[in-house]
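Letter by letter, the sequence shown follows residues 9 to 262 of this note's numbering.
In this text, a Cβ means the ideal position worked out from N, Cα and C, and glycines have one as well.
All remarks here apply to the structure that follows.
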Amino acid sequence: MPAEDLPASGPQPDGSETVRVLSYNIRSLRDDRTALARVIRACDPDLVCVQESPRFWFPRQQAGWLARATGRYLLSGGLSASGPLLLGRLRALPLSVHDVLLPRTPGLHQRGFATTVLRLGRAAPFSLTSCHLSLDATERYRQCELLLEHLERVRAAGARHSVVGGDFNEHPGDPGWDLLAGRLRDGWAVAPWGSEYTSVPERPYQRLDAVFASPGVEVLACGVPDRLAGLRPADLTAATDHLPVLAVLRVPVD
9 MPAEDLPASG PQPDGSETVR VLSYNIRSLR DDRTALARVI RACDPDLVCV
59 QESPRFWFPR QQAGWLARAT GRYLLSGGLS ASGPLLLGRL RALPLSVHDV
109 LLPRTPGLHQ RGFATTVLRL GRAAPFSLTS CHLSLDATER YRQCELLLEH
159 LERVRAAGAR HSVVGGDFNE HPGDPGWDLL AGRLRDGWAV APWGSEYTSV
209 PERPYQRLDA VFASPGVEVL ACGVPDRLAG LRPADLTAAT DHLPVLAVLR
259 VPVD
């Protein structure tokens, strides 16, 4: 599918919802934050899974700035998930929040999951999770296991489906990635669109970032929106040290 032919989001005649989900590592807003806001607005997402939201310098205020600058509102995350953050349009109705901090290995960064169960229109409730996994391979694999366990608990709390956007610090074919792909649908692998690699913006050569969805969610398109109408290539390289991943998903009715 050409990058320009991205399916539109919104309610469908059968009551399902087509949803744009953006996953983006913003490196604590340390780069060109106005370029970052322009990238997010150009992608026009219904939901945003942020990684590396600011944690140490006025984190709540900076998360609020990002929401205002992109025309979204805060769903959950930030300090309660040690960085991962969720934003959404007003049409996204949050039902419950399930942010968690993960067990920490001494000497390594604290990690967590930002998770909100939400509903759009008549579509079934689903959970949205943002995550940023460890640089340590052993800890990272355990975090992949914990993510799947977390999604099962949230599903038991009322989420019919699951969507996860994140910086996994893994490559397709690595143990943790394969564990997730065995239970969830890797958006790029199912419906590739745009470009594949997310790191680094100036010379992309690896895919560390992805959007995964549970089997009941249809993936219509997923990839790096490098040729989307209204998106400035210069903004992609100025905004942060990752490229964003944009997925279009169809969430079924109850």
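Problem - Inter-residue CB distance, Arg119 and Ser84 (contact presumed, cutoff 8 Å) - result: Along the sequence shown, one-based indexing puts residue 119 at 111. Along the sequence shown, one-based indexing puts residue 84 at 76. In fact, because the Cβ distance is near 16 Å, the residues do not count as touching under 8 Å.
Exercise for the section: Flag this pair as yes or no: are the beta carbons of Val232 and Thr248 separated by less than 8 Å? Expected result: Taking the first residue of the sequence shown as position 1, residue 232 is located at position 224. Taking the first residue of the sequence shown as position 1, residue 248 is located at position 240. Not closer than 8 Å, so no.
Problem - Beta-ladder partner(s) of Tyr32, from DSSP - result: Within the sequence shown, numbered from 1, the residue matching residue 32 stands at position 24. BP columns for Tyr32 point to Val58.
Exercise for the section: Using DSSP bridges, identify the partner residues of Gln118. Expected result: By one-based count along the sequence shown, residue 118 stands at place 110. DSSP, once it has assigned bridges, lists no residue as partnering Gln118.
Problem - Pick from Asp234, Arg211, Pro209 that is closest to Pro200, judged by C-alpha positions - result: The residue given as residue 200 occupies position 192 in the sequence shown. Minimum Cα distance to Pro200 is reached at Asp234.
Practice task
Please determine, among Ser222, Ser203, Pro223, Arg80, the residue with the shortest C-alpha to C-alpha distance to Arg215.
Solution key: Here the question's residue 215 lines up with position 207 in the sequence shown. If we check each option's Cα against that of Arg215, Ser203 comes out closest.
Practice task
Would you kindly check if the distance between the Cβ of Val253 and the Cβ of Asp6 is under 8 Å?
Solution key: Residue 6 falls outside the range modelled here, since the chain spans only 9 to 262, and no answer is possible.
Practice task
Identify, in the order they occur along the chain, each residue of the same chain with its Cβ nearer than 6 Å to the Cβ of Val105, setting aside the five sequence neighbours on each side.
Solution key: As a position in the sequence shown, residue 105 is number 97, starting the count at 1. If we look at Val105 and ignore the five residues flanking it on each side, its Cβ neighbours are Ser84, Thr124.
Practice task
Give the secondary structure of Leu98 by DSSP, where H, G and I count as helix, E and B as strand, and everything else as coil.
Solution key: In the sequence shown, the residue the question calls residue 98 occupies position 90. Coil at Leu98, not helix or strand.
Handout entry: Cα-Cα separation between Leu93 and Thr78, rounded to whole angstroms
Key = Here residue 93 is taken as the residue at index 85 of the sequence shown, counted from 1. Here residue 78 is taken as the residue at index 70 of the sequence shown, counted from 1. So the alpha carbons of these two residues sit roughly 14 Å apart.
Problem - As assigned by DSSP and simplified to three states, the class of Ala11 - result: In the sequence shown, the residue the question calls residue 11 occupies position 3. The predicted position of Ala11 is uncertain, since its pLDDT is 49 and thus under 50; no value can be drawn from it.
Exercise for the section: Evaluate contact between the region 237-248 and the region 180-188, counting only Cβ atoms and requiring at least three cross-stretch pairs below 8 Å. Expected result: no
Practice task
Locate the alpha helix (DSSP H) running through Asp243, then write down its first and last residues.
Solution key: Locating residue 243 in the sequence shown gives position 235, where the first residue counts as 1. Asp243 -> alpha helix (DSSP H) spans 241-247.
Practice task
With a 10 Å radius around its C-beta and 16 neighbouring C-beta atoms as the bar for buried, classify Val261 as buried or exposed.
Solution key: Along the sequence shown, read from residue 1 onward, the residue named residue 261 stands at position 253. Classification of Val261: exposed, given that the 10 Å Cβ count is below 16.
Practice task
Ignore the nearest five residues each way along the sequence and tell me which others in Pro62's own chain have a CB closer than 6 Å to its CB.
Solution key: As a working mapping, residue 62 is identified with position 54 in the sequence shown. Around Pro62: Ser36, Leu37, Gln70.
Practice task
Select from Ala131, Val162, Thr113 the residue whose C-alpha is nearest the C-alpha of Pro21.
Solution key: Residue numbering aside, residue 21 sits at position 13 when the sequence shown is read from its first letter. Among Ala131, Val162, Thr113, the Cα nearest to that of Pro21 is on Ala131.
Exercise for the section: Please work out which residues of its chain come closer than 7 Å, Cβ to Cβ, to Ala11, disregarding the five sequence neighbours upstream and downstream, and give them in chain order. Expected result: Taking the first residue of the sequence shown as position 1, residue 11 is located at position 3. Residue placement at Ala11 is flagged as unreliable, the pLDDT there being 49, under the threshold of 50; a coordinate-derived value is accordingly withheld.
Practice task
Starting from His169, follow its DSSP beta bridges and name the residues at the other end.
Solution key: Working through the sequence shown from its first residue, we reach residue 169 at position 161. Answer is Phe134, bridged to His169.
Problem - Through-space distance from Val162 to Asp144, alpha-carbon basis - result: Position 136 of the sequence shown, counted from the start, is the residue given in the question as residue 144. Position 154 of the sequence shown, counted from the start, is the residue given in the question as residue 162. About 26 Å.
Handout entry: Coil, strand or helix - Ala221 by DSSP
Key = Against the sequence shown, residue 221 aligns to sequence position 213. Residue state, collapsed to three classes: strand.
Practice task
Identify which residue in Cys139, Ala221, Ala43, His140 has its Cα closest to the Cα of Arg168.
Solution key: Here residue 168 is taken as the residue at index 160 of the sequence shown, counted from 1. Out of Cys139, Ala221, Ala43, His140, Ala221 has the C-alpha closest to the C-alpha of Arg168.
Practice task
Determine the contact status of Ser135 and Leu109, defining contact as a CB-CB distance below 8 Å.
Solution key: If you number the sequence shown from 1, residue 135 lands on position 127. If you number the sequence shown from 1, residue 109 lands on position 101. Going by C-beta atoms, Ser135 is not nearer than 8 Å to Leu109.
Exercise for the section: Select from Leu14, Pro19, Pro67, Ala122 the residue whose C-alpha is nearest the C-alpha of Val56. Expected result: Counting from one through the sequence shown, the residue named residue 56 turns up at place 48. Closest option to Val56, Cα to Cα, is Ala122.
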